[in-house]
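Number 211 in the numbering used here belongs to position 177 of the sequence shown; there are no gaps in the numbering. Here's the structure, in structure tokens; my notes come after.
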Amino acid sequence: MKMIKYKIWLSKFVSRIPYIPVYIVLLLDLFVISFIAFFISIFFQTIDNSYLSNGNYLFWSTFIVFSLGIFMSWKKTYRGIVRFTDVFEVINFVNVFLLSISLFLLFHISSSLLDLGISVPLSYVLLVHIGAFVNVILYRLLIKEVFSKMRSVKKRTENVLIFGAGQTGMFVFQLLKRQINSPYNIIGFFDDDKRKTSKRIFGVKISAGDTLLEEHLKENQIVEVILAARNISNKRKKELFDLCYKYNVKISLLPSFKQMDLNKMELRDLRSIKLEELLGRDPIELNQSHLNESFDGKVVLVTGAGGSIGSELCRQISNYPIKKIILLDSAESALYDINQELLRKNLSIYIEPVLADVRNKRQIHQIFSKYKPNYVFHAAAYKHVPLMETFPKLAIETNVIGSRILADCALEFGAEKFILISTDKAVNPTNVMGATKRMAELYIQSKFHAENDPRATQFITTRFGNVLGSNGSVIPLFMKQIESGGPVTVTHQSIERFFMTIPEACRLVMEAGSMGKGGEIYVFDMGEPVKIYDLAEKMIRLTGKTPNQDISIEITGLRSGEKLYEELVGSYEEFKPTHHPKIHIVQSYPADFSAISQTVAQLEEGIGEDKDEDYLIYLIKNTMPEFVSSYSRFSVLDK
Numbered sequence: 035m036k037m038i039k040y041k042i043w044l045s046k047f048v049s050r051i052p053y054i055p056v057y058i059v060l061l062l063d064l065f066v067i068s069f070i071a072f073f074i075s076i077f078f079q080t081i082d083n084s085y086l087s088n089g090n091y092l093f094w095s096t097f098i099v100f101s102l103g104i105f106m107s108w109k110k111t112y113r114g115i116v117r118f119t120d121v122f123e124v125i126n127f128v129n130v131f132l133l134s135i136s137l138f139l140l141f142h143i144s145s146s147l148l149d150l151g152i153s154v155p156l157s158y159v160l161l162v163h164i165g166a167f168v169n170v171i172l173y174r175l176l177i178k179e180v181f182s183k184m185r186s187v188k189k190r191t192e193n194v195l196i197f198g199a200g201q202t203g204m205f206v207f208q209l210l211k212r213q214i215n216s217p218y219n220i221i222g223f224f225d226d227d228k229r230k231t232s233k234r235i236f237g238v239k240i241s242a243g244d245t246l247l248e249e250h251l252k253e254n255q256i257v258e259v260i261l262a263a264r265n266i267s268n269k270r271k272k273e274l275f276d277l278c279y280k281y282n283v284k285i286s287l288l289p290s291f292k293q294m295d296l297n298k299m300e301l302r303d304l305r306s307i308k309l310e311e312l313l314g315r316d317p318i319e320l321n322q323s324h325l326n327e328s329f330d331g332k333v334v335l336v337t338g339a340g341g342s343i344g345s346e347l348c349r350q351i352s353n354y355p356i357k358k359i360i361l362l363d364s365a366e367s368a369l370y371d372i373n374q375e376l377l378r379k380n381l382s383i384y385i386e387p388v389l390a391d392v393r394n395k396r397q398i399h400q401i402f403s404k405y406k407p408n409y410v411f412h413a414a415a416y417k418h419v420p421l422m423e424t425f426p427k428l429a430i431e432t433n434v435i436g437s438r439i440l441a442d443c444a445l446e447f448g449a450e451k452f453i454l455i456s457t458d459k460a461v462n463p464t465n466v467m468g469a470t471k472r473m474a475e476l477y478i479q480s481k482f483h484a485e486n487d488p489r490a491t492q493f494i495t496t497r498f499g500n501v502l503g504s505n506g507s508v509i510p511l512f513m514k515q516i517e518s519g520g521p522v523t524v525t526h527q528s529i530e531r532f533f534m535t536i537p538e539a540c541r542l543v544m545e546a547g548s549m550g551k552g553g554e555i556y557v558f559d560m561g562e563p564v565k566i567y568d569l570a571e572k573m574i575r576l577t578g579k580t581p582n583q584d585i586s587i588e589i590t591g592l593r594s595g596e597k598l599y600e601e602l603v604g605s606y607e608e609f610k611p612t613h614h615p616k617i618h619i620v621q622s623y624p625a626d627f628s629a630i631s632q633t634v635a636q637l638e639e640g641i642g643e644d645k646d647e648d649y650l651i652y653l654i655k656n657t658m659p660e661f662v663s664s665y666s667r668f669s670v671l672d673k
């Protein structure tokens, strides 16, 4: 017991020993080199007194020390922490000594060619360099070993695997080994490159193949897998996460390689895998030349510019050669934030923030009259399902009437394109929010077909599912619940949703907008639907906790208007591909514009006359038979 206490005390004492200043390290290295040079010179004079005179010895010794000092200063060999000397520092010293030897060799050749009469004792120079190199490295390794022994205390170790047997994996290995009282026991390296199989890094074996990886996870009690492979796809990250998830193994990654300086990397730079990386989708390729051509010199209006989708649209659109971007939103703080963000980018475009409400016909008319936008991206909407069940009039005013006002103004003032941001909840809607978005789809689609004028505004609809991280979505909610210690609330164990990232959705919106000719409904490839319960479990595990042990998951029951699964295409619609693999067209018979327009007018009149909510919802259901309410007070209207 006393011995253990002594070792613990010694370990703590060693950890508190300060690092010596870098100039002391350099002086120490030069002292070792000087001593070796002196010792070897005595040896040479002993065996051949005529070979080097004392004067020549002082000259060449001084020259060697000076040469190595210059190169060590240039290569900053003194910057490394002596007690943590690693292979990269040894390589740095190899470079220094090779440079110095090359300098003497060059001097010898020049002296011979120019007949300077100066004879460089190459054997002496070479022997001094070799002896100095060996001793500089040996004293460093000796110090490293002494410190390692003094601070070693028997402790609980964690078995770790490093995925990626390249340069980055080597850095991670050294990083883990450098930690004082490091709890990490590196079991092995894994890599997707099977050519590296059975080779070793620092004596640690490299393996390949998910079957063997699974065996290691199962048999070696692996606690953590660190991804240290460059250019690893999100799909591969998801595969590895699922494998680690199966055995309750934590998975960590390095920061973005664009932002990372390996030489300055620390253990705290390791991060957990991000939720969007678990979607397993590779980056979307856009037709940049076509987008540049489409946006060139255009005036672009984005409604809902301060929202999750609207703000990201503004960020991406501002990277193209547009003339002006109009940021429209009714929320002043959100509008201010996106305006300031774009201004900080020092763009060569004109940015105009406009505080306005899409429900205000006079305001919107004035805005179109003043700016005459070429492209309109309509992202402003009320989107929260339970809230809109409680406040259906606001949903109708914004999502239906607001969309009609914007569409009418776009046509009146000659906008080239009008792109509506819709939702998968508009397909066979079971709630007010989805039904109002479907009404907006029907209005702009039927309006385009009713105009029957190729010069008229091209009305285009884009439809997609949930986006990760949007305001009020399930992801931020789960994060807050996890941070507060739980429970995490899920409405139903079988409920599932489509997900994509906000940047991904916005890129597809722009691509669809540029390819559309009018009247289309574009649906995005959302991948496979995700079970919300599984999502909650994964989010808990991403924080290093265990679901239903550290943090519980509670089933609360479906909310008003909510359904178990979403659809991207209705039974009344036909699904067709486009030239872009991530974008599809939904085709259906266009609605009768006069009937849709009449319903919208009745809704506006009903709101103006303060008609009751049941009457307004009945009007929508009468126009849209597929609107069947779920767990809602409006379900009685379906009978």
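Even for Gly, the Cβ is constructed at its ideal location relative to N, Cα and C. As the structure is a prediction and not an experimental result, all values here were calculated from the model.
Residue nearest to N254 within the set T496, P510, I221 and G561 is I221 (criterion: CA-CA distance).
Taking C-beta separations shorter than 6 Å and ignoring five residues to either side along the sequence, the partners of P521 in its chain run S586 and E588, following chain order. Counted as a single uninterrupted DSSP element, the stretch harbouring I401 is not any beta strand (DSSP E) but the alpha helix (DSSP H) occupying residues K395 to Y405. The bridge partners DSSP lists for R234 are K239. Taking the C-beta atoms as reference points, A441 is found no nearer than 8 Å to I398.
Distance between V170 and E249, taken at the CA atoms: about 43 Å. For M422, the enclosing alpha helix (DSSP H) stretches over residues V419 to T424. Selection V564, K610 and G468 evaluated against V662 yields G468 as nearest (Cα-Cα). The alpha helix (DSSP H) runs of length 4 or more contained entirely in the stretch 316-360 are, from start to end of the chain, 322-329 and 342-351.
Between F402 and F452, the C-beta gap is not smaller than 8 Å, which leaves the two residues out of contact. Here E346 is buried, its C-beta having at least 16 other C-beta atoms within 10 Å.
DSSP places V620 in the uninterrupted beta strand (DSSP E) bounded by I617 to Q621. With respect to the 8 Å criterion, I307 and K271 are classified as neighbours on the basis of their beta carbons.
Nearest Cα to H526 within the set I619, I435 and L592: L592. Beta-bridge partners assigned by DSSP to R305: L287.
No Cβ-Cβ contact shorter than 8 Å links V333 with I351. In the three-state reduction of the DSSP assignment, P387 falls in the strand class, which pools E and B.
Of the candidates K406, L361 and L381, the residue whose Cα lies closest to the Cα of L389 is L361. Non-local C-beta neighbours of I74 in its own chain, meaning closer than 8 Å and more than five positions away in sequence, comprise Y158, L161, V162 and G165, ordered along the chain.
Remark: C-beta atoms of I372 and C348 approach each other more closely than 8 Å. Checking the DSSP bridge columns, you'll see K211 has no partner listed.
In this structure, L369 lies near A339, with their beta-carbon atoms less than 8 Å apart.
Our two residues, F493 and F482, have alpha carbons roughly 6 Å apart in a direct line. In the assembly as shown, E366 is an exposed residue. Its beta-carbon has fewer than 16 other beta-carbons within 10 Å. Note that the stretch 563-575 touches the stretch 531-544; at least 3 beta-carbon pairs, one per stretch, sit closer than 8 Å. Per DSSP, S75 has no beta bridge partner at all. Distances from the alpha-carbon of Q632 to those of V238, R438 and M544 put R438 closest. Its chain contains V334, L335, V336, T337, G344, L347, I351, I453, I455, V543 and G547 as the residues whose beta carbon lies nearer than 8 Å to that of F411, once the 5 sequence neighbours on both sides are disregarded; these appear in chain order. Pairing F205 with Y279, the inter-Cα distance amounts to about 25 Å.
Taking S107 as reference, the option from V130, Y405 and S145 with the minimal CA-CA separation is V130. Counting along the chain, N500 sits inside the beta strand (DSSP E) bounded by residues N500 to L502.
Beta bridge pairing from DSSP links L454 with H412 and T495. Here R531 is bridged, per DSSP, to V564.
P537 sits in a helix when the DSSP states are folded into three classes. Boundaries of the alpha helix (DSSP H) harbouring F627: F627 to G642, taken from the DSSP string.
Looking at the DSSP output, K610 bridges to I619.
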